[in-house]
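S.K.: Attaching a single structure in structure tokens format; questions to follow.
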Amino acid sequence: MLVAYDGSEHAENAVRYSLDMARRLGDARIVLVNVQPPAMSGEVSNLLTAEEVVEQHLVAGREVVAPARKAVEEAGVPCDTEIAIGRPAEAIVEYAQKCGCDAIVMGASSHGRVHSLVLGSVASKVAHMADVPVTVVK
129 MLVAYDGSEH AENAVRYSLD MARRLGDARI VLVNVQPPAM SGEVSNLLTA
179 EEVVEQHLVA GREVVAPARK AVEEAGVPCD TEIAIGRPAE AIVEYAQKCG
229 CDAIVMGASS HGRVHSLVLG SVASKVAHMA DVPVTVVK
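Per my numbering, residue 129 is the first one in the sequence shown, and the count goes up by one each step.
Encoded structure:
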């Protein structure tokens, strides 16, 4: 199962939920995915190349996901980590397909209700786009 992880409290709850599911299933594998924003043109300058900016995003993603990976490994559940760069909903669905995951678990948005109504939450977009069940954890 794929667990979308951004370091938030809701994402931590999603990891705990997925570990509980993995224990019940017995042979589950967890793929932790962190999505970093795409490099903006303002980040690329005479001092940094586009490749260096991407590498900074990948390093940041690995740092964010490290505590979740440690928790999953300590629980004895097989774990892979993927760092994506791009739009969160699209990247989460893409990685679920790429990794052959049969479920997606993710935290509820930490944005307010109005923000979610205007922009649409990532969880809502994932639920609409995914071909597998999506569980949203508060």
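Using N, Cα and C, we set each Cβ at its ideal position, and we do this for glycine too.
Hey, how far is the Cα of V233 from the Cα of L186?
M.R.: 22 Å
S.K.: Quick check on this structure: which residue in R190, S249, V193, A231 has the alpha carbon closest to the alpha carbon of V262?
M.R.: Residue A231 is the option with its Cα nearest to V262.
S.K.: With a cut-off of 8 Å on the beta carbons, I'd call I220 and L130 a contact; round off their distance for me.
M.R.: Indeed, because the Cβ distance is near 7 Å, the residues count as touching under 8 Å.
S.K.: Note down, in chain order, each residue of its chain lying with its Cβ closer than 6 Å to the Cβ of P206, except the 5 sequence neighbours on either side.
M.R.: R157
S.K.: In chain order, what residues of the same chain lie with their CB nearer than 7 Å to the CB of V264, ignoring the 5 residues before and after it?
M.R.: M234, A236, A251
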